[in-house]
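Visitor:
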Amino acid sequence: MPTLVMKFGGTSVANLDRIRRAAKRVGVEVAKGYDVIVIVSAMAGKTNELVGWVNETSPLFDAREYDAVVSSGENITAGLMALTLQEMDIPARSWQGWQVPLMTNSAHSQARIEDIPPHNINQKFAEGMKVAVVAGFQGVSPEGRITTLGRGGSDTTAVAFAAAFEAERCDIYTDVDGVYTTDPRICTKARKLEKISFEEMLELASLGAKVLQTRSVELAMRYKVKLRVLSSFEEQSDTAGTLVVDEEEIMESNVVSGVAYSRDEAKMTVVSVQDRPGVAATIFNALSEGGVNVDMIVQNVSEEGITDMTFSCPTDQVARAEKAMNAVKDAGELEFEDLLVDYDVCKVSVVGIGMRSQSGVAAKMFKILSDEGINIKVITTSEIKISVLIDRKYMELAVQALHDAFELDKAA
Numbered sequence: 001m002p003t004l005v006m007k008f009g010g011t012s013v014a015n016l017d018r019i020r021r022a023a024k025r026v027g028v029e030v031a032k033g034y035d036v037i038v039i040v041s042a043m044a045g046k047t048n049e050l051v052g053w054v055n056e057t058s059p060l061f062d063a064r065e066y067d068a069v070v071s072s073g074e075n076i077t078a079g080l081m082a083l084t085l086q087e088m089d090i091p092a093r094s095w096q097g098w099q100v101p102l103m104t105n106s107a108h109s110q111a112r113i114e115d116i117p118p119h120n121i122n123q124k125f126a127e128g129m130k131v132a133v134v135a136g137f138q139g140v141s142p143e144g145r146i147t148t149l150g151r152g153g154s155d156t157t158a159v160a161f162a163a164a165f166e167a168e169r170c171d172i173y174t175d176v177d178g179v180y181t182t183d184p185r186i187c188t189k190a191r192k193l194e195k196i197s198f199e200e201m202l203e204l205a206s207l208g209a210k211v212l213q214t215r216s217v218e219l220a221m222r223y224k225v226k227l228r229v230l231s232s233f234e235e236q237s238d239t240a241g242t243l244v245v246d247e248e249e250i251m252e253s254n255v256v257s258g259v260a261y262s263r264d265e266a267k268m269t270v271v272s273v274q275d276r277p278g279v280a281a282t283i284f285n286a287l288s289e290g291g292v293n294v295d296m297i298v299q300n301v302s303e304e305g306i307t308d309m310t311f312s313c314p315t316d317q318v319a320r321a322e323k324a325m326n327a328v329k330d331a332g333e334l335e336f337e338d339l340l341v342d343y344d345v346c347k348v349s350v351v352g353i354g355m356r357s358q359s360g361v362a363a364k365m366f367k368i369l370s371d372e373g374i375n376i377k378v379i380t381t382s383e384i385k386i387s388v389l390i391d392r393k394y395m396e397l398a399v400q401a402l403h404d405a406f407e408l409d410k411a412a
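Under UniProt numbering, think of the first position of the sequence shown as 1, with each following residue one higher.
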């Protein structure tokens with residue numbers, strides 16, 4: 001039998017009624033002749049509650065026990081989904097990560113998947129099981145301890161299972177009906193995309209779009225897993241949602257496919273450092289070792305051998321960045337006059353595989369922002385992306401203006 005992977009996020013299994021609705025969707029696919037692997041998240045809000053209990057119990061917690069606690073939310077959902085399917089006379093059973101087994105490394109709370117042997121589940125399929133309901137977000141370490149994959153890890157679980165079982169497709173059910181050209185809450189003209197390339201989706205996910213977890217898109221691109229993002233709250237058809245596919249499967253696309261934004265950005269400037277070889281390495285090695293995810297970087301023009309170094313990072317990592325910079329200064333490895341932080345910024349990006357073959361996108365983007373009176377603080381580019389850091393108060397205006405100017409409300 002062909003295999004299909006179906007993943008249901010927390011809002012899709014938030015209560016028993018929604019679990020029943022999800023189970024009916026699984027039943028439809030079973031009736032089509034699929035062996036189905038269902039990946040479930042914890043009920044909406046449950047993981048946050050469990051994390052809160054851990055922090056209240058032990059602020060400096062043992063990460064192994066943290067994983068044991070927070071993984072339990074998915075176990076509950078998996079058992080309830082299996083019971084619901086059994087009530088529908090569909091042969092189903094639940095699987096926890098260690099039972100599959102989903103093998104990970106030992107990096108508790110941020111584990112990486114190393115292997116998913118298909119033998120145990122395939123044997124049960126051969127014996128008549130039609131649905132394997134797998135608790136997402138969790139696995140087992142070489143030491144036999146429960147591990148978790150980090151927030152959003154159920155998406156990664158689903159894609160990994162689709163790769164391991166050579167599934168026909170991996171359907172990600174969530175509370176939105178697909179991938180849009182931008183956030184519909186900000187721009188009413190946002191349009192749902194029928195298809196988007198892995199590379200575009202990866203950029204959008206990393207730039208703030210919350211539809212798919214970044215690691216899941218990386219995995220899908222590496223193993224050529226066909227992804228479909230669709231809503232668990234709307235009537236379905238074979239063309240519902242958005243397909244995330246290889247670039248070769250998209251005949252024509254707009255030069256720009258989407259506009260993404262991220263509010264949670266901060267701009268930091270290391271003031272008056274020496275303009276000499278090794279300074280940038282010292283700064284960014286210290287930030288890396290301090291666990292700071294640096295994004296945009298710009299070095300100001302040097303005057304008399306002195307320059308400023310500006311970079312952006314998530315707002316919740318500013319304290320780490322300050323600690324790292326002060327540590328290298330105190331150790332005598334780096335001299336600087338001041339460390340400035342600007343929290344009132346945001347990142348706005350345009351993404352599109354069409355940029356590879358068409359010039360002028362950057363010039364057009366900068367003119368649009370200029371016409372709206374929006375000053376650009378930092379710029380970064382890749383082959384299919386241009387990002388700018390601007391004042392946060394202009395974020396919605398920038399997104400709407402760029403969406404209109406690149407005519408993203410119109411199909412290619």
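C-beta atoms are modelled at their ideal positions from N, C-alpha and C, and glycine is treated no differently.
Is threonine 181 buried or exposed, if buried means 16 or more other CB atoms sit within 10 Å of its CB?
Guide: For the purposes of this step, residue 181 is taken as the residue at position 181 of the sequence shown. Under this definition threonine 181 is a buried residue.
Visitor: Could you tell me which uninterrupted beta strand (DSSP E) segments, each at least 3 residues in length, are contained entirely in the region 128-176, listed from first to last along the chain?
Guide: Listed in chain order, they are 131-135, 138-140, 146-148 and 169-174.
Visitor: In its own chain, which residues sit with a C-beta less than 8 Å from the C-beta of glutamate 166, not counting the 5 before and 5 after it?
Guide: One-based indexing of the sequence shown puts residue 166 at position 166. Around glutamate 166: Thr3.
Visitor: Near alanine 240, what residues of its chain come up, given a Cβ to Cβ distance below 6 Å and the 5 sequence neighbours on each side ignored?
Guide: Taking the first residue of the sequence shown as 1, we reach residue 240 at position 240. Excluding positions up to five away in sequence, the list reads Leu230.
Visitor: Roughly how far, in whole angstroms, is the beta-carbon of serine 387 from the beta-carbon of leucine 207, given that I think they are within contact range, below 8 Å?
Guide: Translated into the one-based positions of the sequence shown, residue 387 becomes position 387. Translated into the one-based positions of the sequence shown, residue 207 becomes position 207. At roughly 7 Å, the Cβ-Cβ gap stays under 8 Å, so serine 387 and leucine 207 are in contact.
Visitor: Please tell me whether valine 13 and alanine 63 are closer than 9 Å, where the distance is taken between their beta carbons.
Guide: What you label residue 13 is simply residue 13 of the sequence shown in a count that begins at 1. What you label residue 63 is simply residue 63 of the sequence shown in a count that begins at 1. Contact: no.
Visitor: Just the C-alpha distance for lysine 377 and serine 312, rounded to the nearest angstrom, thanks.
Guide: Within the sequence shown, residue 377 is the residue found at index 377, counting from 1. Within the sequence shown, residue 312 is the residue found at index 312, counting from 1. Looking at the two C-alpha atoms, the distance is approximately 10 Å.
Visitor: Can you tell me where the beta strand (DSSP E) with tyrosine 343 in it begins and where it stops?
Guide: Against the sequence shown, residue 343 aligns to sequence position 343. 338-351 is the span of the beta strand (DSSP E), which, as asked, contains tyrosine 343.
Visitor: What span of residues does the alpha helix (DSSP H) with tryptophan 95 cover, start to end?
Guide: The residue given as residue 95 occupies position 95 in the sequence shown. Element bounds for tryptophan 95: not the alpha helix (DSSP H) but the beta strand (DSSP E), 92-95.
Visitor: How close, in whole Å, do the beta carbons of serine 154 and glycine 128 come, if the pair is a contact with beta carbons under 8 Å?
Guide: As a first step, residue 154 must be located in the sequence shown, where it is residue number 154. As a first step, residue 128 must be located in the sequence shown, where it is residue number 128. Not really, about 27 Å apart at Cβ, beyond 8 Å.
Visitor: At what residues does the alpha helix (DSSP H) containing residue 413 begin and finish?
Guide: With the chain covering 1 to 412 only, the question about residue 413 has no answer from this structure.
Visitor: What are the partner residues of leucine 243, as DSSP defines its beta bridges?
Guide: For this step, residue 243 is matched to residue 243 along the sequence shown. For leucine 243, which the question treats as bridged, DSSP gives the partners Lys195 and Arg228.
Visitor: Would you call the CB atoms of arginine 191 and leucine 408 closer than 9 Å?
Guide: Position 191 of the sequence shown, counting from 1, holds the residue named residue 191. Position 408 of the sequence shown, counting from 1, holds the residue named residue 408. Contact: yes.
Visitor: Under the DSSP definition of a beta bridge, which residues are partnered with leucine 389?
Guide: In the sequence shown, residue 389 corresponds to position 389, counting from 1. DSSP lists Lys347 and Val378 as partners of leucine 389.
Visitor: Hey, tryptophan 95 and alanine 132: beta-carbon distance below 9 Å or not?
Guide: The sequence position of residue 95 within the sequence shown is 95, counting from 1. The sequence position of residue 132 within the sequence shown is 132, counting from 1. Result yes, Cβ atoms of tryptophan 95 and alanine 132 sit closer than 9 Å.
Visitor: Taking only three categories from DSSP, how would you classify arginine 356?
Guide: In the sequence shown, residue 356 corresponds to position 356, counting from 1. Three-state result, arginine 356: helix.
Visitor: Based on DSSP bridge pairs, tell me the residues matched to serine 312.
Guide: Sequence index remark: in the sequence shown, residue 312 carries index 312 (1-based). Looking at the DSSP assignment, serine 312 forms a beta bridge with Lys267.
Visitor: Tell me which residues share the same chain as glutamate 168 and place their Cβ nearer than 7 Å to its Cβ, disregarding the 5 neighbours each side in the sequence.
Guide: Sequence index remark: in the sequence shown, residue 168 carries index 168 (1-based). Answer for glutamate 168: Pro2, Thr3 and Leu4, listed in chain order.
Visitor: Check for me: the beta strand (DSSP E) holding phenylalanine 8 runs from which residue to which?
Guide: Position 8 of the sequence shown holds residue 8. Per DSSP, phenylalanine 8 belongs to the beta strand (DSSP E) from 3-8.
Visitor: Compare the beta carbon distance of valine 399 and valine 348 with 9 Å and say whether it is the shorter of the two.
Guide: One-based indexing of the sequence shown puts residue 399 at position 399. One-based indexing of the sequence shown puts residue 348 at position 348. In this structure, valine 348 lies closer than 9 Å to valine 399 by Cβ.
Visitor: Below 8 Å on the Cβ atoms is my contact criterion, and I expect methionine 309 with glutamine 317 to pass it. Report the Cβ-Cβ distance as a whole number of Å.
Guide: Here residue 309 corresponds to residue number 309 of the sequence shown, with the count starting at 1. Here residue 317 corresponds to residue number 317 of the sequence shown, with the count starting at 1. Wrong, their Cβ atoms sit about 17 Å apart, outside the cutoff.
Visitor: Threonine 315 to lysine 130, Cα distance in whole Å?
Guide: Here residue 315 corresponds to residue number 315 of the sequence shown, with the count starting at 1. Here residue 130 corresponds to residue number 130 of the sequence shown, with the count starting at 1. Near 46 Å, if we compare the C-alpha coordinates of lysine 130 and threonine 315.
Visitor: When we look at the beta-carbon of alanine 281 and count the other beta-carbons within 10 Å, is it buried (16 or more) or exposed?
Guide: Taking the first residue of the sequence shown as position 1, residue 281 is located at position 281. Exposed.
Visitor: What's the gap between the Cα of isoleucine 19 and the Cα of aspartate 342?
Guide: Along the sequence shown, one-based indexing puts residue 19 at 19. Along the sequence shown, one-based indexing puts residue 342 at 342. Distance between the alpha carbons of isoleucine 19 and aspartate 342: 44 Å.
Visitor: If we count the other Cβ atoms within 10 Å of its Cβ and call it buried at 16 or more, is glutamine 213 buried or exposed?
Guide: Residue mapping note: residue 213 aligns to position 213 of the sequence shown, counting from 1. Counting Cβ neighbours within 10 Å, glutamine 213 comes out buried, since at least 16 surround it.
Visitor: Under 8 Å, with one C-beta from each stretch per pair, do the region 351-362 and the region 281-298 reach the 3-pair mark?
Guide: With a cut-off of 8 Å, the region 281-298 and the region 351-362 do not count as touching, because too few Cβ pairs lie within range.
Visitor: So, helix, strand or coil for tyrosine 180, using DSSP?
Guide: Here residue 180 is taken as the residue at index 180 of the sequence shown, counted from 1. Here tyrosine 180 sits in strand by DSSP.
Visitor: Quick one: measure Cβ to Cβ for proline 27 and isoleucine 90, integer angstroms, because I've assumed they're closer than 8 Å.
Guide: For the purposes of this step, residue 27 is identified with residue 27 of the sequence shown, where counting begins at 1. For the purposes of this step, residue 90 is identified with residue 90 of the sequence shown, where counting begins at 1. The sequence given here has glycine at residue 27, not proline. At roughly 6 Å, the Cβ-Cβ gap stays under 8 Å, so glycine 27 and isoleucine 90 are in contact.
Visitor: If serine 216 and valine 159 are in contact, beta carbons under 8 Å, what's the gap, nearest whole angstrom?
Guide: For the purposes of this step, residue 216 is identified with residue 216 of the sequence shown, where counting begins at 1. For the purposes of this step, residue 159 is identified with residue 159 of the sequence shown, where counting begins at 1. Rounded, the Cβ-Cβ distance is 5 Å, consistent with contact.
Visitor: Take the Cβ of arginine 276 as the centre, count every other Cβ of all protein chains shown within 10 Å, and call the residue buried at 16 or more, exposed below.
Guide: Counting from one through the sequence shown, the residue named residue 276 turns up at place 276. The residue in question, arginine 276, is exposed, as its Cβ has fewer than 16 Cβ neighbours within 10 Å.
Visitor: Cα-Cα, which of Pro101, Ser41, Thr269 and Glu194 is closest to glutamate 249?
Guide: The count along the sequence shown starts at 1 and reaches residue 249 at position 249. Cα-wise, what sits closest to glutamate 249 is Glu194.
Visitor: Please name the residue, chosen from Tyr34, Val256, Met296 and Thr77, that lies closest to isoleucine 379 on a Cα-to-Cα basis.
Guide: Mapped onto the sequence shown, residue 379 falls at position 379. Residue Met296 is the option with its Cα nearest to isoleucine 379.
Visitor: Quick check: is the beta carbon of lysine 393 nearer than 9 Å to any beta carbon in chain B?
Guide: The structure shown contains no chain B; it is built from a single protein chain.
Visitor: What first and last residue would you give for the alpha helix (DSSP H) that runs through glutamine 299?
Guide: Start at 1 with the first residue of the sequence shown, and residue 299 comes out as number 299. Taken as a continuous stretch (DSSP letters only), glutamine 299 belongs to no alpha helix (DSSP H), being part of the beta strand (DSSP E) at 297-299.
Visitor: Could you tell me whether the region 71-78 touches the region 30-46, using the rule of 3 or more Cβ pairs below 8 Å?
Guide: Touching, yes.
Visitor: Verify whether the separation of the beta carbon atoms of glycine 152 and leucine 102 is less than 9 Å.
Guide: The residue given as residue 152 occupies position 152 in the sequence shown. The residue given as residue 102 occupies position 102 in the sequence shown. Contact flag unset, no.
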